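Reminder that position 564 of the sequence shown reads as 564 in full-length UniProt numbering, one-by-one numbering, no gaps.
Below you'll find the structure, written out as structure tokens, and then a few comments.
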Amino acid sequence: MLNINVGVLGHVDSGKTSLAKVLSTVASTSAFDKNPQSKKRGITLDLGFSSFIVNSASYPFTPSIQQNFEKVQFTLVDCPGHGSLIRTVLCGSQIIDVVILVVDVTKGFQTQTAECLVISEITCKKMLVVLNKCDLLDTDQRCELIQKMRKRILKTLESTIFKRSEIAEISAASGGIQVEFTSEQLANNSQEVENLITLLAQSISDPTENRNKLKDRSFIFAVDHCFTITGQGTILTGTVLSGTTSVGQIIGLPYQRIQKKIKSIQRFRQSIQSIGPGDRAGICVPQLDANLLERGLVGDITSTDNLTPCYACILSCVRKVSYFKSSIKSKSRLHIFVGQETVLASLTFFAKVKPEHDYTDNTEKSSEFDKTAMYHYVEEIPNVTDDKLYLLLEFEHQVICPMNGLVIGAKLDTYAVNSCRIALHGHVIIQLNDLNYKSNNLSKLLVCKSKTRRGHIERVVNSRVCIVHGLFKRETNWEIFVGLRAYVTIKLNETHSTETQRINGYIESSFGQSGKCRLALDSDLPDEILAQYSSKGGRKQVSQPDIEVVLEFKKNVFDPQRRIIQ
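Structure, rendered in structure tokens:
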């Protein structure tokens, strides 16, 4: 049997839970707003899980699914719709294969509908849009209003990867009346529900190939709920992200470094022996305090490249979300969603320096990080980015960030109506789990900030030595600047001439106490320049060429000593 994880996303009160209830035959963890607070407030507060199973031959799945699997199980992940619960939505979005985006047909796209669309583009490649509450439309105009809404939604999706998504129509809670869940519902499906399942089947591609690749990696299990059953043990419910495990194997909690043997495994109340990528399951372990884990990653903690708490990490393939209108600058902070956790982190952007005259296409190697290469510091992430942009995240506290794991950044400290809070995303390529990572790891990276200083010749000592002012301040530490290369640019003041002459040289020493320096040149200054200056008279107040002294250098932003590079 193939399991497909379906995220049910949308704005608050669009009918997501009602839709999940109509489709499901098995209710699992926190399904259908079991939480007392959810019932009291009338909204979903936590991830709710339920499922239903169909015969693959009865629906238009891909040929590979129909040939290899007799049955397909849909695991529905009912996500909260309220804007304040976006952390929960982001945690749920990272375990899904396909999205059902629920839209209230009487209201259309709302703030969280749009935000869910952005999240879906980052985490998933397949979507089915469901127009809910169609029964609330005036009967005489219903068809016309539904067609107008379909056109509006297709127009919205035009600029996204979901522009070819199907749109289904349903009334999940007819007349707004909530019905009690029964496991027999799918057997009594309405035509609307049948059409929805048919379109959902068409929206799914076979995940088997990708999941087979993930099988060879270390076992990682994304836990969304943890509770104790008296006489049995502690139950960890969640989804397998990578690797496999079975009854009798050892799993660990990475923060506590606790390891436990798996006592039993269930998948929607059915006992099984093993689980792999994409499986939704409950793992029972003995003698574990359920208070130690609410939500997070567990698995093979002996593998050093995955479930090790990190102080920082480096992301590749960094993209700014086009709908996020604010600037994102280095040294700023964002809320970071990684694994099943949320943490504040400071940002440092940098990009690979492409050597001059290198016209090769390195797109295929863009995911490889060269620790010996030179990178340049990026002040602000551009709106259009490429695979050569990287991001250093320095976390407020340790978090688990698996290799190649998806990371999403958002700005949650301000809540503005009709504005996107999802800012950027990328994938982990370097984990920094050493407490002294700044001195032991970052200091070895060459991430440089380019500096340019400009000054002027005050007087000429001889044809190859001049006194320069304006490059330095009085309190300059001359030890780091003596010997650096600089150059003089001379723009001749001839009629219609744009010719600029450049004479290279180096800083020989300081001169006096006011920040002046002696510049030794590699070749002679032109006679007309010498005529303009003298050692005693200084610069003469007559028409003369435009002369400037330029000092260019780089500083490694991760070098504790801030040494200069040329």
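Ideal Cβ placement from N, Cα and C applies to all residues, glycine included.
As the structure is a computational prediction, the values presented were derived from the model and not from experiment.
Status (buried if at least 16 other CB within 10 Å, exposed otherwise) for residue i
i    : result
G238 : buried
H397 : exposed
P80  : buried
N5   : buried
F227 : exposed
D78  : buried
Q191 : exposed
T476 : exposed
Q67  : exposed
I161 : exposed
N55  : exposed
P207 : buried
R217 : buried
T230 : exposed
V98  : buried
N3   : buried
M149 : buried
T234 : buried
R280 : buried
N132 : buried
For residue i, three-class secondary structure by DSSP
i    : result
Q110 : coil
P254 : coil
T237 : strand
V12  : coil
R464 : coil
Y487 : strand
K133 : coil
Q37  : Caution applies to Q37, whose pLDDT of 48 falls short of 50 and renders its modelled position unreliable; the value that the coordinates give is listed next. If DSSP states are grouped into helix, strand and coil, Q37 belongs with the helices.
C124 : coil
S543 : Summary for S543: the model assigns pLDDT 49, below 50, so the residue's position carries little reliability; its value from the coordinates is reported in the next sentence. In this structure, S543 counts as coil in the three-state DSSP scheme.
S450 : strand
E169 : strand
S56  : helix
Y377 : strand
L551 : strand
C284 : strand
C116 : helix
R563 : coil
Close Cβ partners of residue i (< 8 angstroms) along its chain, the five nearest in sequence each way excluded
i    : result
G252 : I258, Q259, K260, V298, G299, D300, I301, T302 and L307
I325 : Inspection of the sequence shows that residue 325 is occupied by Lys rather than by Ile. Excluding positions up to five away in sequence, the list reads S419 and C420.
I564 : I480, F481, L484, F553, K554 and K555
L293 : V223, C226, L236 and L253
R562 : K555 and N556
K163 : L154 and L157
6 angstroms Cβ shell around residue i - same chain, five flanking residues per side excluded
i    : result
K354 : none
F52  : L23, S24, T25, F74 and L186
C401 : C310, C313, V338 and V428
A410 : H335, R421, I422 and A423
P60  : A201 and Q202
D546 : K491
Q249 : I262
F221 : G238, V240, V298 and G299
Cβ neighbours of residue i in the same chain (closer than 7 angstroms, five flanking residues each side left out)
i    : result
V118 : V321, Y323, C420 and I422
E364 : Note that E364 scores a pLDDT of 41, beneath 50, so its modelled location is shaky and nothing firm can be said.
N441 : L432 and D434
E121 : T160 and I161
H357 : Confidence is the limiting factor: at H357 the pLDDT is only 48, short of 50, which leaves the residue's position unreliable, though a coordinate-based value still follows. For H357, where only same-chain residues beyond five positions count, there are no Cβ hits under 7 angstroms.
S174 : D135
C-beta neighbour in chain B for residue i, strict 9 angstroms
i    : result
Y375 : Of the chains in the structure shown, none is chain B; there is only one protein chain.
Beta-carbon gap between residue i and residue j smaller than 9 angstroms
i    : j    : result
R267 : G282 : yes
F558 : K371 : no
D104 : G7   : no
F369 : S316 : yes
I167 : V193 : no
A486 : N504 : yes
L214 : V102 : no
S64  : A27  : no
I204 : K126 : yes
V465 : A531 : no
* Asked: Taking one C-beta from the segment 456-469 and one from the segment 346-353 each time, how about it: are there three or more such pairs within less than 8 angstroms?
  -> no
* Is the segment 131-146 in contact with the segment 82-101, if contact means three or more CB pairs nearer than 8 angstroms? -> no
* Can we say the segment 427-436 touches the segment 310-318, given the rule of at least three CB pairs closer than 8 angstroms? -> yes
* Is the segment 507-516 touching the segment 467-476, taking contact as three or more C-beta pairs under 8 angstroms? -> yes
* Are three or more beta carbon pairs between the segment 264-284 and the segment 327-343 nearer than 8 angstroms? -> no
* Using 8 angstroms as the threshold, is the segment 275-282 in touch with the segment 230-244, meaning 3 or more CB pairs across them? -> yes
* Asked: Any chance the segment 546-560 sits against the segment 435-454, with 3 or more Cβ pairs inside 8 angstroms?
  -> yes
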